[in-house]
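Chains as they are written, first to last, in the working numbering: chain A, 1 to 240; chain B, 1001 to 1639; chain C, 2001 to 2252. The structure under discussion appears below in the form of structure tokens.
What follows is the structure, given as structure tokens:
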């Protein structure tokens, strides 16, 4: 066999099971990453809408928290689904990233990026930092492990006083700073993520790709502004 | 003494010959097809379509190309389109008219029967390619679009943007890849044929060099098909790809195959001129530019003023002056030759004085820049990219360049050369274009040969070859392999002072000057004197570095140039021998009083097929008389 | 013009490679990038040094053979052109120019700047065709194709198979190449019969060969000499998902 026709041994193999094979394929895995990403994206928006109720006063947000709490098993179904989506999203992405790294055994001496954005090239980094943030965020506000004192907060109706918890939590500049930074990275991640999902789901085409990219950026900016408004207003003592 | 070649043209009326021949051709049973191994060299339109089709029929096929992928063969660069006698436009086209136009365009130096078959098959090609998914241009109705091309009076050209060659080649390449996936064809990319192996005077194999490992090896088969393209690169600068070469066909010639009409070369009038000695390639600009551009040079010799400063009265619109009725649209050979004449007079423009202006100022004034931009925007852009000049502001500079070679290995009606088993397809053979090829006919011929001719005619040869397959262990193979190895060793051991490219460039200039657009007995004799000297110097003073056992581009080039250095002599000899002017072959001694080509039908209405007689010996000329039963020989006039 | 070249030299696939400095002197501005390398090589041969090996053939931008990465960009600066159509006037006198081969796992280096791109042929081999036997085709005008589909198909078919998309992709993905072929055939009525099988087997072959995954960054589109739109990748993503389901359901 002439060397010119030789190529390396298959880098990937496929299962006979069509479902597994779909996951094993590059596009299949991207669909999974896209689908789980879309779920998480939707959650980010939902969570923001919930959180923004802090501006409507303690009664509204504490009531909202109680409502969520009263969902009982449903809440856990949602939480576990989100967790599962989160894990699949991360595992699949890491696998993709590893394959991508292997596909370019040697980097170019000079980088000549033409079209890609810094946010698109740093999806893994932004994603991993957001992961760290999510873990801290859960420990901070959900499990209240970092600040056990939060567990004791109750409002006049005997409900868990989420409003006070937020005020106390975000009055610490360092925590707020980390929160803002994480939201920035999340926004970067979502900005590319949005356009990417549209592309991966095959909705994109050359006519709308510009609009899709700008929509992703706008949506991510709105999410960023929405989320950081809470610690900033708290730090500025506008919400107290 | 010249003998007459037997073209094996079937008897009977012209329009019945092919169907009769198909019906009478020998068949190979499916069980026997599996036993035959066919070697196809070249993967352009002819090679890829032949390899794919033969694989599909059940033969074992091996296909070789020097490129890294069969998809890159130079057929890919054809822009214009492909002719077919579909008469979709209802404008009076027919198989006979396509046949007649092709014969006339070839200046009555091609075979009636072959050309008629080509015209008949043209329709099947379009069907085949459309079914393969070639994205031909369409009307709003969803049906196929046509355009008029190359001065034809009917619209019979099918096209896919400006890249018809690429799209047709991809169709053939995809069919080939399909056969590769089915193990019917085995592909050998980056593999160059170095020689042909004859066993008992039949073509039974080839010797090739793996261009990556340098390994020289043999492949045995039951028949050999050469589809290795033309020899335009003998001129060094041409519109051909850098790798195009004459080696396969020339080696076959040295093994006894007849080389027909090597002096028939086509020179395209609208190319971007040479800008310096470093130049590696000439780029073709679509001929359509001549529809709106006016060709001129300064009246005064050595007038170096910028073109816009030369007043109209001091310009010579020489095509309009000489050919008032056709003007700037005079045919390719005439436009090319006229450009050479004015440059020879010292009135050429641009670097080296080898160029003429193609001026759009008047059209822009008349139609507006917007219209011109719509019509030719992409060409103006390409011109700007290459030359850095803005053709909206100053006239384009153009000059003729070698584009296609009508000559090639002699073949009979079955596309088999005089060596039994050696078949030659596409530009590599001589059969269909006579002394001048019409636009949009090259693609048609390549695909006709590969998809629809060779699958039928190959059986005529193979039917008697059962059990006669040669093994590469035979001494004939070992001997040829050894010669190929020695040649490589010899090239690598010269270690002289000059680069191979410098020899190629010098040879190119020599044949361009003496066997290019205008040829004279004197010039050709001079060239015939100089070429052997240059060849002699090459073998003593070329510097081919590196080793033979790895990828060595200098060595590849050296082998090809060594063959061009021999082939050029054959080409000049044929040009000198043909004492007439016809098509692309213009002998200054044979011109009308007005300087137009003067054919000599009494003495040269034939194919000259040359037989190799050994190194340093004059080749023997055989002739195949051309008999025209269905058309009347006429003199072209474009006044 | 004069240039400082830093050219990747590698004796063979398994050998270690390195950048070597060369001076390109008195290069005409009208020379193409490859002609500049020709001049450098002529100089090397004159000094009995082995010339730099690089691929090129048609030198008019259609065959897809040339394959250099110039200052980190496949086919160098400028849009919609191959390396052979890059002219030195685009650079400034005295520029330092880095010349590297395509760096893609699935395109192993053969020598210096030459890589083996037969992986692209293998992707086509996996299904990039319409199975039509010569002689069995129906009358060409028996299949009407809307002009819109035919034009879009043509846009995809314009791919010259140079592999710059994979070379430019931060992940060495060949999605643009694969998407172009699948779209070219999938947009035509002739290509429908084999459409789902084609999409599934070509994508899997592409994966098997070790190309990376598309992460929608469109470096491919930016360097593509044939200006193939990344919109075709979206089309492929859609096509593949549908095809995978179809193939799974149809499989016994």
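We put the CB at the ideal spot given by N, CA and C, even for glycine.
Would you decide whether residue i is buried or exposed? Buried here means 16 or more other CB atoms lie within 10 Å of its CB.
i	result
residue 2035 (chain C)	buried
residue 2069 (chain C)	buried
residue 13 (chain A)	exposed
residue 5 (chain A)	Only weak support is given to the placement of residue 5 (chain A): the predicted model assigns it a pLDDT of 42, under 50, and the value that follows is read from those uncertain coordinates. Classification of residue 5 (chain A): buried, given that the 10 Å Cβ count is 16 or more.
residue 1503 (chain B)	buried
residue 1431 (chain B)	buried
residue 1086 (chain B)	buried
residue 2008 (chain C)	buried
residue 1603 (chain B)	exposed
Once the 5 residues before and after residue i are set aside, which same chain residues still bring their CB inside 7 Å of it?
i	result
residue 22 (chain A)	28
residue 1319 (chain B)	1295, 1327, 1328, 1330, 1335 and 1338
residue 240 (chain A)	167
residue 226 (chain A)	48 and 52
residue 1248 (chain B)	1041, 1193, 1226 and 1228
What is the C-beta distance between residue i and residue j, in whole angstroms, given that I count them as a contact (C-beta under 8 Å)?
i	j	result
residue 2133 (chain C)	residue 1056 (chain B)	6 Å
residue 1107 (chain B)	residue 1434 (chain B)	6 Å
residue 1262 (chain B)	residue 1574 (chain B)	5 Å
residue 1133 (chain B)	residue 2190 (chain C)	5 Å
residue 1424 (chain B)	residue 1194 (chain B)	Actually they are not in contact, since the Cβ atoms of residue 1424 (chain B) and residue 1194 (chain B) sit about 17 Å apart, beyond 8 Å.
residue 2228 (chain C)	residue 2158 (chain C)	7 Å
residue 1138 (chain B)	residue 2140 (chain C)	With 8 Å as the limit, residue 1138 (chain B) and residue 2140 (chain C) do not qualify as a contact, their Cβ atoms being about 11 Å apart.
residue 1092 (chain B)	residue 1154 (chain B)	6 Å
residue 2111 (chain C)	residue 1550 (chain B)	7 Å
residue 1362 (chain B)	residue 1392 (chain B)	At roughly 13 Å, the Cβ-Cβ gap does not stay under 8 Å, so residue 1362 (chain B) and residue 1392 (chain B) are not in contact.
residue 1122 (chain B)	residue 1084 (chain B)	4 Å
residue 1240 (chain B)	residue 1074 (chain B)	6 Å
Under DSSP, the beta strand (DSSP E) around residue i begins and ends at which residues?
i	result
residue 2024 (chain C)	2018-2024
residue 1399 (chain B)	1396-1405
residue 1219 (chain B)	1216-1220
residue 1060 (chain B)	1060-1064
residue 1640 (chain B)	Only positions 1001 to 1639 of chain B appear in the structure, and residue 1640 (chain B) is not among them; the question remains open.
Return the first residue and the last residue of the alpha helix (DSSP H) that residue i is part of.
i	result
residue 2101 (chain C)	Element bounds for residue 2101 (chain C): n/a, residue is neither H nor E.
residue 1382 (chain B)	1369-1387
residue 1452 (chain B)	It is not in any alpha helix (DSSP H) - residue 1452 (chain B) carries neither H nor E in the DSSP assignment.
Residues in its own chain within less than 6 Å of residue i by CB, not counting five upstream and five downstream?
i	result
residue 1633 (chain B)	1108 and 1601
residue 941 (chain B)	No answer is possible for residue 941 (chain B): the residues shown for chain B start at 1001 and end at 1639.
residue 1017 (chain B)	1010 and 1113
residue 2049 (chain C)	none
residue 209 (chain A)	none
residue 1588 (chain B)	1518 and 1520
residue 1001 (chain B)	Caution is warranted here: a pLDDT of 45 is assigned to residue 1001 (chain B), below 50, making its placement in the model unreliable, and the coordinate value is therefore given only provisionally. So no residue of the chain qualifies.
Keeping to the same chain, check which residues put their C-beta closer than 8 Å to that of residue i; ignore five residues upstream and five downstream.
i	result
residue 2026 (chain C)	2001 and 2002
residue 1297 (chain B)	1315, 1316, 1318, 1342, 1343, 1347, 1348, 1349, 1356 and 1357
*Looking at chain A, which residues of the segment 2204-2222 of chain C have a Cβ within less than 8 Å of any of its Cβ atoms?*
The segment 2204-2222 of chain C vs chain A, Cβ under 8 Å: 2204, 2206, 2207, 2208, 2209, 2210, 2211, 2212, 2213, 2214, 2215, 2216, 2217, 2218, 2219, 2221 and 2222.
*Residues in the segment 73-104 of chain A having any Cβ partner in chain C nearer than 7 Å*: Look at the segment 73-104 of chain A: the residues with a C-beta under 7 Å from a C-beta of chain C are 96, 99, 100, 102, 103 and 104.
*Relative to chain C, which residues along the segment 1107-1122 of chain B have a C-beta separation below 9 Å, given in chain order?*
So the list is empty, because no residue satisfies the distance condition.
*Listed from N- to C-terminal order along the chain, which residues in the segment 1168-1181 of chain B have their beta-carbon within a distance smaller than 8 Å of any beta-carbon of chain C?*
Against chain C - using a Cβ distance shorter than 8 Å - the residues of the segment 1168-1181 of chain B are 1170, 1173, 1174, 1175, 1177, 1178, 1180 and 1181.
_Residues, ordered as in the chain, of the segment 1047-1061 of chain B that lie near chain C by beta-carbon distance below 8 Å_ = Considering only beta carbons, the part of the segment 1047-1061 of chain B lying closer than 8 Å to chain C consists of 1049, 1052, 1053 and 1056, in chain order.
*Using a beta-carbon distance cut-off of less than 9 Å, what residues from the segment 2032-2045 of chain C approach chain B?*
Only 2032, 2034, 2035, 2036, 2038, 2039, 2041, 2042, 2044 and 2045 from the segment 2032-2045 of chain C bring a Cβ to less than 9 Å from some Cβ of chain B.
*Listed from N- to C-terminal order along the chain, which residues in the segment 103-128 of chain A have their beta-carbon within a distance smaller than 8 Å of any beta-carbon of chain C?*
Hits within the stretch, in order: 103, 104, 105, 106, 107, 108, 109, 110, 111, 112, 113, 114, 115, 116, 117, 120, 121 and 123.
*Listed from N- to C-terminal order along the chain, which residues in the segment 2053-2066 of chain C have their beta-carbon within a distance smaller than 9 Å of any beta-carbon of chain B?*
Per Cβ criterion, the list reads 2053, 2054, 2055, 2056, 2057, 2058, 2059, 2060, 2061, 2062, 2063, 2064 and 2065.
*Members of the segment 1276-1289 of chain B near chain C, C-beta cut-off 8 Å*: Correct list: 1276, 1278, 1279, 1280, 1281, 1283 and 1284.
*At a Cβ cut of 7 Å, what residues of the segment 2124-2157 of chain C count as close to chain A, listed as they run along the chain?*
Cβ contacts with chain A: none found.
*Positions along the segment 2229-2248 of chain C whose CB lies within less than 8 Å of some CB in chain A*: Correct list: 2229, 2230, 2231, 2233, 2234, 2235, 2236, 2237, 2238, 2239, 2240, 2241, 2244, 2247 and 2248.
*Identify each residue in the segment 2100-2123 of chain C for which the Cβ-Cβ distance to at least one residue of chain A is less than 8 Å, and report them in chain order.*
Result list: 2100, 2103, 2104, 2105, 2106, 2108, 2110, 2116, 2118, 2119 and 2122.
*Mind checking the segment 20-41 of chain A against chain C and listing, in chain order, the residues whose C-beta falls within less than 9 Å of any C-beta there?*
For the segment 20-41 of chain A, the beta-carbon criterion of a distance under 9 Å to any beta-carbon of chain C is satisfied by 21, 22, 24, 25, 26, 27, 28, 29, 30, 31 and 34.
*In the segment 2167-2195 of chain C, which residues sit with their C-beta less than 8 Å from some C-beta in chain B, listed in chain order?*
Listed by position along the chain: 2184, 2185, 2188, 2190 and 2191.
*Using a Cβ-Cβ cut-off of less than 7 Å, give me the residues of the segment 2069-2098 of chain C that come near chain A, in sequence order.*
Contact annotation: in the segment 2069-2098 of chain C, residues whose CB is within less than 7 Å of a CB in chain A are 2069, 2071, 2072, 2073 and 2098.
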